[in-house]
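Colleague: Pasting a structure below so you can have a look.
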Amino acid sequence: MTCNFTWIKSLQQKPEPADVCSKILLPEFSPGEHPLQYNYTFWYSRRTPSRPANTQSYEQNIRQIGTVASVEQFWKFYSHLVRPGDLTGHSDFHLFKEGIKPMWEDEANKNGGKWIIRLRKGLASRFWENIILAMLGEQFMVGEEVCGVVVSIRFQEDILSIWNKTANDQVTTSRIRDTLRRVLNLPPNTIMEYKTHNDSLKDNSSFRNTKITL
Numbered sequence: 001m002t003c004n005f006t007w008i009k010s011l012q013q014k015p016e017p018a019d020v021c022s023k024i025l026l027p028e029f030s031p032g033e034h035p036l037q038y039n040y041t042f043w044y045s046r047r048t049p050s051r052p053a054n055t056q057s058y059e060q061n062i063r064q065i066g067t068v069a070s071v072e073q074f075w076k077f078y079s080h081l082v083r084p085g086d087l088t089g090h091s092d093f094h095l096f097k098e099g100i101k102p103m104w105e106d107e108a109n110k111n112g113g114k115w116i117i118r119l120r121k122g123l124a125s126r127f128w129e130n131i132i133l134a135m136l137g138e139q140f141m142v143g144e145e146v147c148g149v150v151v152s153i154r155f156q157e158d159i160l161s162i163w164n165k166t167a168n169d170q171v172t173t174s175r176i177r178d179t180l181r182r183v184l185n186l187p188p189n190t191i192m193e194y195k196t197h198n199d200s201l202k203d204n205s206s207f208r209n210t211k212i213t214l
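Under full-length UniProt numbering, the residues of the sequence shown are numbered 1 to 214, in order.
This is the structure in structure tokens:
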């Protein structure tokens, strides 16, 4: 595939809501490259904490910043992308399969949910890279169930989440949870939370009123 112009911020500068990037054109996909099983799209969003979130404002705030189709394209893009630990508060990076928007209402997401891991400050960049590589490398072994991953930068903590298509498939959600523990090398007592997107729509919240598991 041909990647569009993507917008990427210099690593040396602090990103602001309207200034996440400088322009770079990714190379054409070539037969010599190593294709990913799926194409993936990076998204960026940031909101003002004092403003109540709703579907319309969220959709206006989220920006598509680039799509990758091969291992080589991913690393070229990722090497220029700002690290989550350098983002300002209430910012999110999303990496989703091409064609799936990181929204609860998206057709691929509406019957699904997400696993949530809360991180102390300073860990987001490393954990984000690990979960991305696990997803691109198809380590979750759940077919098409994984939709994408999100890192959410907040003032007191950072949050990592992985979205799947079918919230009521306990076998699949458990396998995703167990794989997360392994690829992120989480301590046995790490608290993991799950929330369906339907519940998020009801309470208009991503991370409140979750189901907790050890």
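Using N, Cα and C, we set each Cβ at its ideal position, and we do this for glycine too.
What's the call for TRP75, buried or exposed, on a 16-neighbour Cβ count within 10 Å?
Modeller: That one is exposed.
Colleague: Do you know offhand how far VAL171's Cα is from PRO31's?
Modeller: 37 angstroms
Colleague: Going by C-alpha distance, which of TRP128, SER161 and TRP43 is nearest ILE117?
Modeller: SER161
Colleague: Quick one: is GLY89 buried, meaning 16 or more other Cβ sit within 10 Å of its Cβ, or exposed?
Modeller: exposed
Colleague: Assign MET135 to buried or exposed, taking buried as 16 or more other Cβ atoms, counted over all protein chains shown, within 10 Å of its Cβ.
Modeller: buried
Colleague: Between LEU95 and VAL149, which are expected to be in contact by the criterion C-beta below 8 angstroms, what is the C-beta distance as a whole number of angstroms?
Modeller: 5 angstroms
Colleague: So the beta strand (DSSP E) VAL146 belongs to, where does it begin and stop?
Modeller: Element bounds for VAL146: 146 to 153.
Colleague: Grouping DSSP H, G and I as helix and E and B as strand, with all else coil, what is SER22?
Modeller: With a pLDDT of 42 at SER22, under the threshold of 50, the modelled position of this residue cannot be trusted; read the value that follows with caution. In the three-state reduction of the DSSP assignment, SER22 falls in the strand class.
Colleague: What do you reckon, are the CB atoms on HIS197 and GLU105 nearer than 9 angstroms?
Modeller: yes
Colleague: For a test of the three-state rule: what should DSSP assign to LYS97, helix, strand or coil?
Modeller: LYS97: strand per DSSP, three-state reduction.
Colleague: Taking ASN185 as the reference, give the member of LEU123, SER79 and ASP86 with the closest Cα.
Modeller: LEU123
Colleague: Leaving aside the five residues before and after LYS202 along the sequence, list all residues of the same chain whose C-beta is less than 6 angstroms from its C-beta, in chain order.
Modeller: Correct list: empty, nothing qualifies.
Colleague: To the nearest angstrom, how far is it from the Cα of PRO187 to the Cα of PHE207?
Modeller: 21 angstroms
Colleague: Could you spell out the range, first to last residue, of the beta strand (DSSP E) harbouring LEU36?
Modeller: In the DSSP assignment, LEU36 falls within the unbroken beta strand (DSSP E) covering 35 to 46.
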